[in-house]
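To keep things clear, I will list the structure first and then write my remarks on it.
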Amino acid sequence: MRKILAIIAICVLAITMPAVAFAAGGGGGGGGNGGGSGEPLVVESASIEEGATLDSVDSITLVFSKNVCEASVRDANLALGSVIDAKGNAVAAKVVLADDQVEPDKRNDMVFQFEKPLAAGTYKVIAKAGITSKSGDSLAEDYVLNFTVKGAAASGSTNAVPIIIGAVVIIAVIAGVLVARRKK
14 MRKILAIIAI CVLAITMPAV AFAAGGGGGG GGNGGGSGEP LVVESASIEE
64 GATLDSVDSI TLVFSKNVCE ASVRDANLAL GSVIDAKGNA VAAKVVLADD
114 QVEPDKRNDM VFQFEKPLAA GTYKVIAKAG ITSKSGDSLA EDYVLNFTVK
164 GAAASGSTNA VPIIIGAVVI IAVIAGVLVA RRKK
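With my numbering applied, the sequence shown corresponds to residues 14 to 197, in that order.
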């Protein structure tokens, strides 16, 4: 009985580990304390690469060099982020800036969350000049991140590949256990 429980535990891990690995792929960052270092405010990184071609996307994160979420600049900064399609039409996206007191590790992040799956096409994430840090430094010019969506996004955010691989592993393990039991 213990062998069967161990096999089941291994199968559960085989299914969940790939899903966790895919989910962990977000855009890191943080860094910087928003202090008045005299350095200009810039976008240091993004959760996708410039010109990326994606199957689907739920959100995109821009990581600034300084705190852009502090209460004194937060509301103004929210209005300076947008997403547009190839025709220049606004795309339904919610701009999210964390509460830097509650989530200090996200104080440099501007997140664009898509309200519905994006259709196939090209898009631009825009952080407009004028975004301001806690220290008063402003983004000197618009930051534009181009990306392409290959096809309509799936209605869920799960990736079927890890689930299929896990199911195959479970079936193989169960078949192995049954064969081993019959040989005894």
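Heads up, the beta-carbon is just placed ideally off N, CA and C, and yes, glycines get one too.
{"Item": "The region 132-149 touching the region 78-94, judged by at least three CB pairs closer than 8 Å", "Value": "yes"}
{"Item": "Classification of Val175 by the beta-carbon crowding that lies within 10 angstroms, buried from 16 upward", "Value": "Strictly speaking, residue 175 in this sequence is Pro, with Val absent from that position. It counts as buried."}
{"Item": "Among Ser69, Ala92, Thr66, Glu62, nearest to Leu75 - alpha-carbon criterion", "Value": "Glu62"}
{"Item": "Close beta carbons around Val3, own chain, < 6 Å, minus the five adjacent residues each side", "Value": "Nothing can be reported for residue 3, as the shown portion of the chain is limited to 14 through 197."}
{"Item": "Option nearest Ala216 by Cα separation, candidates Ser60, Lys107, Ala193", "Value": "No answer is possible for residue 216: it lies beyond the span of the chain, which begins at 14 and ends at 197."}
{"Item": "Ala142 (DSSP reduced to helix, strand or coil)", "Value": "coil"}
{"Item": "Per-residue burial, Asp155 [other beta carbons within 10 Å of its own, 16 or more giving buried]", "Value": "exposed"}
{"Item": "CB of Ala142 within 9 Å of CB of Ala153, strictly", "Value": "yes"}
{"Item": "For Val86, three-class secondary structure by DSSP", "Value": "helix"}
{"Item": "Burial state of Asn102 (16 or more Cβ within 10 Å)", "Value": "exposed"}
{"Item": "Element boundaries [beta strand (DSSP E), containing Ile57]", "Value": "Here residue 57 turns out to be Glu, not Ile, going by the sequence shown. Unbroken beta strand (DSSP E) run through Glu57: 56-59."}
{"Item": "Proximity to Val96 [Cα-Cα], best of Val70, Asn121, Ala193, Glu52", "Value": "Val70"}
{"Item": "Burial state of Asp122, where buried means 16 or more other Cβ atoms lie within 10 Å", "Value": "buried"}
{"Item": "Bridge partner(s) assigned by DSSP for Ser72", "Value": "Gln126"}
{"Item": "CB-CB length for Val115 against Tyr136, believed under 8 Å", "Value": "Not quite, the Cβ-Cβ distance comes to about 30 Å (not below 8 Å), so this is no contact."}
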